[in-house]
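Colleague: Quick note on numbering: the sequence shown equals residues 0 to 521 in numbering that gives the first Met the number 0. By construction, the Cβ of each residue, glycine as well, lies at the ideal position given by its N, Cα and C atoms. If you're wondering where the values come from, they're calculated on a predicted model, not measured in any experiment. Following this message is one structure expressed as structure tokens.
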Amino acid sequence: MASSDSPPPSQSQSQSRSHPSQRHSQRLLLVDALNFLCVFLPLPSRSHPSSVSGGCGPLGDGGASSFPQAYDAFSSILTMRDRVSFFVDAASDIGYRVVAIIDAGTRTEEANEKWRKRREAELAGPNKNQRDMPLFADMALAEAFMDTKKADVLLPEREDADDVLMKLLDENEDATVLSGDRDCFRYIPSSSTKTPLWRRVFATFTLNRNDGLKLFRGQNLSPQPGVQPRAIAELSWNTPEEFGCGKFFVSAADLCKVMRNQDEGKWFYLRGVTDKWVRQYGNLHAITAPLRRAMYALKAERLEDFDTVEEEYPQWDETNECVVWTKLTAFPDATHADDLQDSKACFHAIEQLDPAPSSLPERVFARAALAAAYTADAVAGGLGAFTTMLAEALDRAPLPAMDPRRVSSINEGGKHITCKVCHNSVYFTTSTLQFFREKGYHVPRSVVCGECKMTTTPSTTKTTQQNNREPKGACRFWLKGNCRSGDACRFSHAAPQSPKPACHFWLRGDCRNGDACRFSHA
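Printed below as a string of structure tokens:
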């Protein structure tokens, strides 16, 4: 649910990546990209091809059903690339330069623990074996934004993406954030004189050929209960002048997320479930370990301080019927280095290692995704080559150019509802409508938008709502002279315009209300 209040278009110059000064002439649209992964990427479990899902998670994990036989994950990624191009062009049309911010590094231990529980639920929870998110979809999304040549992509390697998002918003007075994460509202701006940050945070969007890009605020513009405030002034790092190159950012992230713990100086590899068949045939992160160690050997040739890697990923213990986390120290081993020279060879090597049959579409795609990632990291420089190598691994045609003309709309199928107070439009996304249906709730005909909740007190809001209700009936307490609500009363305190009906008690001579009677004594 979100309310519309899109900023006015900018008249600044069009964007050009070759001229940084021109690039900065447009306002920034800071996009929490993974928050909208399920909007850009068609998934088989969504009732509408571009419905919103808020449960994708920080690594693009999640989902509610497995691939049906008719679902083609690679074709969905191609559609996602066209949608991203359409979105970036539409943002530019209203004066924005898109900056996509994507988690690519370490998280807090608390966040890691929550992440582990979600991965365990994919193997042992009520929806076990129901993963529908293609492996490495988050990196394919990052590449899509990069390949538009009109958007910047920030991959914070050692900083929380929300911190980066809100610090950039705080430092750029004309910037706007697009994120459905309510954690954005816990941040305290560095200066009290600035515009409140919540006024520049939007939760969702609609985009079609006729209306262009429209941003909508959420209906709740405050953090979740119990979330601690975070002062932006306490974030000690500095954002780089040119996005994508700085101490806390990587311009070409390691696709396999082999990261270095700066506190301990160790390299680590923390991954989850590859597909829905892990319980039956094993986790491909474990099965492809020999190829990954060959990748480590090739990386060690380029990086002087690259040695061992602490690996961790979940597996299913059939004997005890529980999830176990494999933790081991992996050493570089170049035995299978020849298999990493191209993604097709790597894919065939994974086929030989994997006991699962090749008739399982999600397993085949996961093999190809790992082959593309290993090869891209080993010989092609990581991010920027993944989707091309994925096409090669799947033996598809060469990657076509992105074409926004193939997309007519994004995020359609929701419902616009009027705010009771300000009468602006509040947008209920398709996922919100689906939630109402699943719970058996009726979709309200009117609501109070997030901005009105923030700018009006409850009593003022109630009074405004009541006074806006037409027509009002006469207040019988006011007619008797004892209404205690005053101006806040929802009924009319004006003399009735139509003749009052005769008072039956007065006609019988026993009316006790006298002149205060609501009926006629004439």
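1. Give me the DSSP bridge partner(s) of isoleucine 416.
2. Does the beta-carbon of threonine 374 have 16 or more other beta-carbons within 10 angstroms, so that it is buried, or is it exposed?
3. Please report the straight-line C-alpha distance between arginine 483 and arginine 517, rounded to a whole angstrom.
4. Could you check the C-alpha separation between arginine 489 and threonine 194 for me, to the nearest Å?
5. Less than 8 Å between the CB atoms is what I'm expecting for arginine 229 and isoleucine 187, so what's the real figure, rounded?
6. Pick helix, strand or coil for tryptophan 197, following the three-state DSSP scheme.
7. Leaving out five residues on either side along the sequence, give the residues of the same chain with a beta carbon under 6 Å from the beta carbon of alanine 384.
8. Can you tell me which residues form a DSSP beta bridge with serine 189?
9. What residues match up with alanine 296 in a beta bridge as DSSP calls it?
10. Nearest to glutamine 227 by alpha carbon, out of Phe201, Arg185, Gly480, Thr203?
11. Using the rule of at least 16 other Cβ atoms within 10 Å of the residue's Cβ for burial, across every protein chain shown, is glutamine 218 buried or exposed?
12. If the criterion is Cβ atoms closer than 7 Å, does the pair leucine 167 and leucine 29 meet it?
13. Count the CB pairs spanning the segment 288-302 and the segment 316-323 that are closer than 8 Å, and state whether there are at least three.
14. Check this for me: beta carbons of alanine 344 and aspartate 353, under 7 Å apart or not?
15. Straight-line CA distance for leucine 42 to arginine 198?
16. Does the Cβ-Cβ distance between alanine 390 and leucine 398 come in under 7 Å?
17. Here's the rule I'm using: 16 or more other beta-carbon atoms within 10 Å means buried, otherwise exposed. How should leucine 506 be labelled?
18. Per DSSP, what kind of secondary structure is alanine 390 in: helix, strand or coil?
19. Under 8 Å Cβ to Cβ from lysine 127, same chain only, skipping five residues before and after it: list those, please.
20. Buried or exposed: phenylalanine 330, going by 16 or more other Cβ atoms within 10 Å of its Cβ?
21. Compare the Cα-Cα distances from leucine 269 to each of Asp31, His415, Glu311, Ala336 and report the closest residue.
22. Nearest-angstrom Cα distance between aspartate 151 and histidine 492?
23. So, is leucine 524 buried or exposed, given that buried needs 16 or more other C-beta atoms within 10 angstroms?
24. Taking 7 Å as the threshold (C-beta atoms), are glutamate 309 and lysine 265 in contact?
25. In the structure shown, what three-state DSSP assignment does arginine 229 receive?
26. List the endpoints of the continuous alpha helix (DSSP H) containing phenylalanine 73.
27. For alanine 143, which residues in the same chain have their Cβ closer than 7 Å to its Cβ, ignoring the five residues on either side in sequence?
28. I'd like to confirm something about asparagine 34: is its beta-carbon nearer than 6 Å to some heavy atom of the ligand FMN, or not?
29. Check this for me: beta carbons of cysteine 451 and cysteine 474, under 7 Å apart or not?
Modeller: If we stick to the structure as given:
1. When beta bridges are read from the DSSP output, isoleucine 416 appears opposite Val425.
2. Buried is the call here.
3. So the two alpha carbons sit approximately 17 Å from each other.
4. Looking at the two C-alpha atoms, the distance is approximately 35 Å.
5. Under the criterion of beta carbons closer than 8 Å, arginine 229 and isoleucine 187 qualify as touching, at roughly 7 Å.
6. Tryptophan 197 falls in the helix class under three-state DSSP.
7. Result list for alanine 384: Ala375, in chain order.
8. Serine 189 is not bridged to any residue.
9. Its beta-bridge partners do not exist; DSSP assigns none.
10. Closest option to glutamine 227, Cα to Cα, is Arg185.
11. Label assigned to glutamine 218: buried.
12. Taking 7 Å as the Cβ cut-off, leucine 167 and leucine 29 qualify as a contacting pair.
13. Counting Cβ pairs under 8 Å, fewer than three are found: no touch.
14. Contact: no.
15. Between leucine 42 and arginine 198, the C-alpha separation is close to 32 Å.
16. Their beta carbons are under 7 Å apart, which means alanine 390 touches leucine 398 by this criterion.
17. Classification for leucine 506: exposed.
18. Alanine 390 falls in the helix class under three-state DSSP.
19. Excluding positions up to five away in sequence, the list reads Ala120, Glu121, Arg278.
20. With fewer than 16 neighbouring CB atoms inside 10 Å of its own CB, phenylalanine 330 falls in the exposed class.
21. Residue nearest to leucine 269 within the set Asp31, His415, Glu311, Ala336 is Glu311 (criterion: CA-CA distance).
22. Near 59 Å, if we compare the C-alpha coordinates of histidine 492 and aspartate 151.
23. Because the chain is modelled from 0 through 521, residue 524 falls outside the range shown and cannot be assessed.
24. When the beta-carbon positions are compared, lysine 265 and glutamate 309 come within less than 7 Å of each other.
25. Here arginine 229 sits in strand by DSSP.
26. Per DSSP, phenylalanine 73 belongs to the alpha helix (DSSP H) from 72-92.
27. Closer than 7 Å at Cβ, skipping near neighbours: Met79, Arg80, Val83.
28. Among the components of this structure there are no ligands whatsoever, and the ligand FMN is therefore not found.
29. At a Cβ-Cβ threshold of 7 Å, cysteine 451 and cysteine 474 do not count as neighbours.
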